[in-house]
Amino acid sequence: MLKFPALIAPENDGILGRQIAFFAAFILPIYKLLELPSILARFTGGDLLLPALLQYLFQTGVLLALLFAASRSETPLFERLEKKLGKWTAPVYLFYVLYFLFAAVLPLLDLDKFVYAAFYDTSPTFFSFIFFFLISAYVCARGIKTLGRIADLSLFLFLVPFVSLLVMSLVEADASNLLPIFQHRFEHTVSAFTYTTPHFSDAILLLPLIGNLRYQKGDCKKIALGYGLGGVFTILFLGVFYGVYSTIAAREHYAFAKIAQYFPALTVIGRIDLLLVYLLCIVLFIYTATPLHFATDLTTRVCGGKRRVWFSAAFNLGALLFTLFCNQHYNAIYTLFGEYLFPVFWVFADLLPLALLLFTLKTTKKKEREYA
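The numbering of the sequence shown is my numbering, which starts it at 78 and goes up by one.
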């Protein structure tokens, strides 16, 4: 039977339920504030809140199932998984390495286009995007606890600029733009639901954190509340966004960089809203690096905990080359994912992880039977 070292080295052990809750509340929503609002508006107009709400309900159900599995033993989920699967653990981990690389495609392309469109007045150089991959490579080279520390910081990096931009946007927002509700046929909502599936596969991005959590009382409630708070942020943003742009919302890409641009004071003091956008971009960088981080983690684990830096460099170099050479095919790749590949997310990000419910035996109860 193969034995795997802990995904977190002993000195890095200690991911906390609070940190996972912060990750769910302040990091997961950021990608949904970029291209998602215009996509939902294109399919459903003022009914864009409905498919988003359905997605959140679906993901909440998956997340609660994973949290239930984590709460049923003092031993982390990944340790139980390795003991149960034995020699099959390596293929499972490598399979999910491929999944996380697959899940990184759209965030990388979106970030690439967003950075060039929002921050460059002239045509950017060929290597302008390398700075992100230097940050990503550093984050990937660190342990899981690094994401926990970043999650703690995200409370300020996300909340302050997000609330500020939202308040500045309320001046021009008109809630009546969302009325009447249910003005589009339900089939449009279904189309929006399926097309935006890659944006809402959240439970799988929390699984590597939950899988290394030594569950303590109350952690389930904290994480669930954190994810619910992130959902409130997203729904609120979508409502304000459509309230500002109404029927032209489908053409307004990179939503959080534009939503506050009509704030009256900006004509006097300048575009200070961009400072808030820069802060949110730090969180966006971390979100985009997260699938690459998890791919690095699992590969390192399979290889005995060695060469993490090399795996980080390899994955990020590959991601850089992919982005540079495939960004011109952005529309085709987005259509491929949204119209044809969304079942991949349902199966491998939502359904297969539910198999962890098989590992719900309380460790303490098992020991009591052994000593009886």
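The C-beta atom is built at its ideal place from N, Cα and C for all residues, glycine as well.
Other residues of its chain near residue i: CB distance less than 7 Å, five sequence neighbours each side excluded
i    : result
Q96  : G225, A228, D229
L284 : L143, P430
L242 : F333, I336, A337, D350, L353
V379 : A167, Y170, L171
Delimiting residues of the alpha helix (DSSP H) encompassing residue i
i    : result
S246 : 221 to 246
K335 : 332 to 335
F436 : Careful: F436 lies outside any alpha helix (DSSP H) and carries neither H nor E.
T266 : 263 to 272
I207 : 207 to 217
N408 : 407 to 416
D374 : 350 to 379
I281 : 280 to 287
R119 : 113 to 121
I346 : 343 to 346
P420 : 419 to 422
W387 : 385 to 403
Beta carbon of residue i nearer than 8 Å to that of residue j
i    : j    : result
L114 : A391 : Per the sequence presented here, residue 114 reads as Pro, with Leu not at that position. No. Outside cutoff.
L146 : G303 : The residue asked about is misnamed: residue 146 is Ala in this sequence, not Leu. Their beta carbons are not under 8 Å apart, which means A146 does not touch G303 by this criterion.
N254 : Y319 : yes
I281 : A129 : no
F362 : T373 : no
D279 : Q136 : yes
Q132 : F259 : no
K109 : F436 : no
H330 : F120 : no
I104 : S231 : yes
F340 : V248 : yes
Neighbourhood of residue i by C-beta distance below 8 Å, restricted to the same chain and skipping five residues each side
i    : result
M78  : Because the pLDDT of M78 is 40, which lies under 50, any placement of that residue in the model is unreliable, and the number read from its coordinates should be weighed accordingly. For M78, where only same-chain residues beyond five positions count, the Cβ hits under 8 Å are G163, K164.
K443 : With a pLDDT of 44 at K443, under the threshold of 50, the modelled position of this residue cannot be trusted, and the question is left open.
Y448 : Residue placement at Y448 is poorly supported in this model, since its pLDDT is 31, which falls under 50; the coordinates are not used for a value here.
I450 : Residue 450 is absent from the model: the chain starts at 78 and stops at 449.
V386 : A218
Neighbourhood of residue i by C-beta, 6 Å cutoff - its chain only, sequence neighbours within 5 removed
i    : result
I107 : V360, L361, Y364
L306 : A102
S323 : N254
is_contact[residue i, chain D] using C-beta, thresh 8 Å
i   : result
G94 : No chain D is part of this structure, which consists of one protein chain only.
- Would the segment 404 to 420 and the segment 258 to 278 be scored as touching if the rule is three or more Cβ pairs under 8 Å? yes
- Message: Across the segment 154 to 168 and the segment 285 to 293, are there enough close Cβ pairs to call them in contact, namely three or more that are closer than 8 Å?
- Response: yes
- Could you tell me whether the segment 308 to 318 touches the segment 204 to 224, where touching means 3 or more Cβ pairs closer than 8 Å? no
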